[in-house]
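Residue numbers (the numbering used here), protein chains in the order written: chain A, 1 to 507; chain B, 1001 to 1364.
Written out as structure tokens, the structure is:
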């Protein structure tokens, strides 16, 4: 599929240094017109920095950029826009209270100054949306749009500005699998019309699906550029991480225990908007097994985890852990360990120190508090032990947690939650936003907990991960379980159907 | 805790100092104010010298500084504790009025108890009065999610006029036949003792400083403090850690209100000895300024509060020597706060820079 158009973009010898880090080291990148170029690398490999340079957000320390053979200086996003370069950021840049159309024209010169006449723009909006099959209504306010629709709108914004080079930064991180499929189709269509697309990701599968060629970055330099269809995922991962990583299913002793640890019975609850999220749901997790919950995000998985953690009040039904009825937040660390979906929001306090975060569930109990006084030496001792045991990379136990990398922050959560060897571990999307090496570490950790005899409830929207880690798989759809499968021999197509709401066929 | 701060001074490198930010802010405020003084035709050096003299130059001057600082400290703690819990108490003024009123009510009734107990009851009444005035916004904030800034601020005005109404005849709290609305005098048994004979320095100042030290220790060394800071930084995580966040917010706010109430009680029981119409001045808002300057740190509030007190004490002397109006003290205070905030934002980068940092995402 080598689409050989003209070379649209050439970045030559780009070097960018931040205090203490060489973010880009002599990077050269050539992208042709009509090409989808994948940019693959771990967090911190320099992908986003390189694209921010192209988009005018950073100035390179050295190196040159050529567009269609002409040397250009890009000193601001506005200039990048004028040159036909557009970027969709990982976090959307949309104004919630404005309509889709208003967001698109925001920042563009007026048609009939000083009046705001949106009609010509409305017509163009509709034409573009039809052309690319992006079913969007120009007059919908942003807050009513789904995450997927927001993604389309961001892309439409670029098309409206006649961008020839589109940079997409981790565009699938917020999308359900089927939405991602649609995105890939749209990307292909854009490329067919001669546009160049730079697609940033750290997901190997996506590269295979959408990219013509993949450039792999590691530690700020180019490791190589390959055809993803001729390179195995293992090879790509190796290029990316610099060593062998193992994300496939690992051999394990069979799960034999019949001791039920988590028993959920007839559970119903609502989500934050008051819409039913779980409907009469029952499930059991036994000691020494990993039960994986598969499903598109937003089908009740988060609410289930929150109910078990005592953060959400069920409307009906019961939850028991080791026979104990759960009615609120469980403060017994040997009963429940919880790795929340959004660690920055629920699991950690970014502005407290690492050592304080390691005891946030136990700060008022001995040995950390005696006679109403915090024992800082005990707290420091515990921190030092956990930092060593769980390999948390921090310069000091008393620095604010927010200075740690995402992987290390997750280690703080894991250390705190697993230290007391809980009977039940609930891990809700524990690998989200982590690099491959950290994902591998989390997978081994889950397996270790299982082999220790813990019951593990593993929730993930990444199906391959659920397949690789679980013993049993439950498929969620609209707050109900569509079916249960043995992970060893699970049929991926069947799971896919269940994820879309088809019940298990009963034979 | 801002125990270590670094400020990048262009050309001078990094300056690491505890409280570097407030100190630099105050220095800049004094510099700009010097310009203002110069513009009125006076010599700033002479003016500042007079101010120093008036604030620290004699026993009487020192006493005056202490008297001025006492309500500022308490008003500062009332905001600072909330700050640590992520709550903005803008209602210091109202809580001061109410605390002063309840303390006055207890202080003017002859009670058949020993003097120390009468005083204690009056002080406690001040705390309770402030806390009760906070009850409405605290309940609305904790249980109904109503914006605390709005409710506390609005109630400031209600409180001022409420007290005014109470001091006008035929209210039982109004002294009859006076040129200005006021209450009957506080009974001697309920007055705060004078610490230095011949001055007006009363025990309220020492109590306020002691309370600040206690507050610091509580925040740093007790589960109460840990909980409060956790709720302030991330209520969701606090909930997960087993804290009943809603009740915690209520509790912390009531204590905030009580602290401000103490500021009002101290003024009537120690200095003014009557409740006067609209006596509060700017103490409530100055407390807000203090707390912002030192990010709610109680020890910082003590130091900054004494500084503010010295400005007010010295302003009188400055007026006599140079003819510059005493409100200059408030100008310097306001500038100091502005500069401290501006320096803080300088460190975090301007609006544009912060936008860039956001887009940089998780790589950097």
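Backbone N, C-alpha and C define an ideal beta-carbon position, used for all residues, glycine too. A quick note: this is a predicted structure, and the numbers were derived from the prediction, not measured.
Relative to the C-alpha of residue i, which candidate in the options has its C-alpha closest?
{"i": "residue 187 (chain A)", "options": "A:88, A:313, A:311, A:279", "result": "A:88"}
{"i": "residue 253 (chain A)", "options": "A:432, A:449, A:496", "result": "A:449"}
{"i": "residue 121 (chain A)", "options": "A:338, A:159, A:58, A:90", "result": "A:159"}
{"i": "residue 1275 (chain B)", "options": "B:1284, B:1057, B:1313, B:1265", "result": "B:1265"}
{"i": "residue 97 (chain A)", "options": "A:113, A:67, A:57, A:142", "result": "A:142"}
{"i": "residue 1064 (chain B)", "options": "B:1139, B:1313, B:1183", "result": "B:1313"}
{"i": "residue 452 (chain A)", "options": "A:491, A:289, A:468, A:330", "result": "A:289"}
{"i": "residue 83 (chain A)", "options": "A:18, A:21, A:55", "result": "A:55"}
{"i": "residue 1295 (chain B)", "options": "B:1067, B:1087, B:1246", "result": "B:1087"}
{"i": "residue 10 (chain A)", "options": "A:29, A:493, A:455", "result": "A:29"}
{"i": "residue 18 (chain A)", "options": "A:7, A:49, A:309, A:41", "result": "A:49"}
{"i": "residue 501 (chain A)", "options": "A:487, A:341, A:468, A:481", "result": "A:481"}
{"i": "residue 447 (chain A)", "options": "A:348, A:400, A:279, A:248", "result": "A:248"}
{"i": "residue 33 (chain A)", "options": "A:148, A:153, A:192, A:60", "result": "A:192"}
{"i": "residue 1126 (chain B)", "options": "B:1075, B:1170, B:1340", "result": "B:1075"}
{"i": "residue 1302 (chain B)", "options": "B:1098, B:1249, B:1211, B:1149", "result": "B:1211"}
{"i": "residue 1386 (chain B)", "options": "B:1166, B:1248, B:1332, B:1164", "result": "No answer is possible for residue 1386 (chain B): it lies beyond the span of chain B, which begins at 1001 and ends at 1364."}
{"i": "residue 1261 (chain B)", "options": "B:1323, B:1122, B:1324", "result": "B:1122"}
{"i": "residue 1103 (chain B)", "options": "B:1273, B:1022, B:1149", "result": "B:1273"}
Under 8 Å Cβ-Cβ, which residues of chain B neighbour residue i?
{"i": "residue 329 (chain A)", "result": "1239, 1240, 1241, 1242"}
{"i": "residue 311 (chain A)", "result": "1239, 1240"}
{"i": "residue 374 (chain A)", "result": "1220, 1221, 1222, 1223, 1225, 1226"}
If residue i sits next to residue j, beta carbons under 8 Å apart, how far is it from one beta carbon to the other, in whole angstroms?
{"i": "residue 214 (chain A)", "j": "residue 38 (chain A)", "result": "4 Å"}
{"i": "residue 51 (chain A)", "j": "residue 167 (chain A)", "result": "5 Å"}
{"i": "residue 424 (chain A)", "j": "residue 335 (chain A)", "result": "7 Å"}
{"i": "residue 220 (chain A)", "j": "residue 45 (chain A)", "result": "7 Å"}
{"i": "residue 1269 (chain B)", "j": "residue 1190 (chain B)", "result": "6 Å"}
{"i": "residue 361 (chain A)", "j": "residue 313 (chain A)", "result": "In fact, because the Cβ distance is near 20 Å, the residues do not count as touching under 8 Å."}
{"i": "residue 1233 (chain B)", "j": "residue 352 (chain A)", "result": "6 Å"}
{"i": "residue 386 (chain A)", "j": "residue 358 (chain A)", "result": "5 Å"}
{"i": "residue 1073 (chain B)", "j": "residue 1283 (chain B)", "result": "Contact doesn't hold; Cβ gap of about 10 Å is too wide."}
{"i": "residue 374 (chain A)", "j": "residue 1226 (chain B)", "result": "6 Å"}
DSSP three-state call for residue i: helix, strand or coil?
{"i": "residue 502 (chain A)", "result": "coil"}
{"i": "residue 97 (chain A)", "result": "coil"}
{"i": "residue 484 (chain A)", "result": "strand"}
{"i": "residue 1199 (chain B)", "result": "coil"}
{"i": "residue 14 (chain A)", "result": "strand"}
{"i": "residue 89 (chain A)", "result": "coil"}
{"i": "residue 327 (chain A)", "result": "coil"}
{"i": "residue 430 (chain A)", "result": "coil"}
{"i": "residue 1326 (chain B)", "result": "coil"}
{"i": "residue 1222 (chain B)", "result": "coil"}
{"i": "residue 1352 (chain B)", "result": "Residue confidence is low: residue 1352 (chain B) scores 46 on pLDDT, short of 50, so the model does not pin down where it sits. No coordinate-derived value is stated."}
{"i": "residue 949 (chain B)", "result": "This structure leaves residue 949 (chain B) out entirely; chain B is present only between 1001 and 1364."}
{"i": "residue 494 (chain A)", "result": "helix"}
{"i": "residue 277 (chain A)", "result": "strand"}
{"i": "residue 213 (chain A)", "result": "strand"}
{"i": "residue 245 (chain A)", "result": "coil"}
{"i": "residue 262 (chain A)", "result": "strand"}
{"i": "residue 8 (chain A)", "result": "strand"}
{"i": "residue 252 (chain A)", "result": "coil"}
{"i": "residue 1022 (chain B)", "result": "helix"}
{"i": "residue 70 (chain A)", "result": "strand"}
{"i": "residue 1044 (chain B)", "result": "helix"}
If the cut is a Cβ gap below 9 Å, which residues of chain B does residue i touch?
{"i": "residue 363 (chain A)", "result": "1223, 1226, 1227, 1230, 1241"}
Chain A partners of residue i, CB-CB under 9 Å?
{"i": "residue 1234 (chain B)", "result": "344, 345, 346, 348, 349, 350, 351, 352"}
List the residues of chain B whose Cβ lies closer than 7 Å to the Cβ of residue i, in chain order.
{"i": "residue 369 (chain A)", "result": "1223"}
{"i": "residue 360 (chain A)", "result": "1230, 1237, 1241"}
In the region 338 to 424 of chain A, which residue ranges form an unbroken alpha helix (DSSP H) of at least 4 residues, counting only runs that do not cross its ends?
354 to 357, 376 to 389, 406 to 418
In the region 19 to 54 of chain A, which residue ranges form an unbroken beta strand (DSSP E) of at least 3 residues, counting only runs that do not cross its ends?
Counting only runs of 3 or more, we get 21 to 32, 36 to 40.
Of all the alpha helix (DSSP H) runs that stay within the bounds of the region 1108 to 1180 of chain B, which reach a length of 4 or more residues?
Correct list: 1115 to 1144, 1148 to 1167.
What residue ranges within the region 146 to 200 of chain A form continuous alpha helix (DSSP H) runs of no fewer than 4 residues, ordered along the chain?
Those alpha helix (DSSP H) runs which fall completely within the region 146 to 200 of chain A and span 4+ residues are 147 to 160, 177 to 192.
Contained beta strand (DSSP E) runs [length at least 3] in the region 432 to 487 of chain A, N- to C-terminal order:
455 to 459, 472 to 477, 480 to 486
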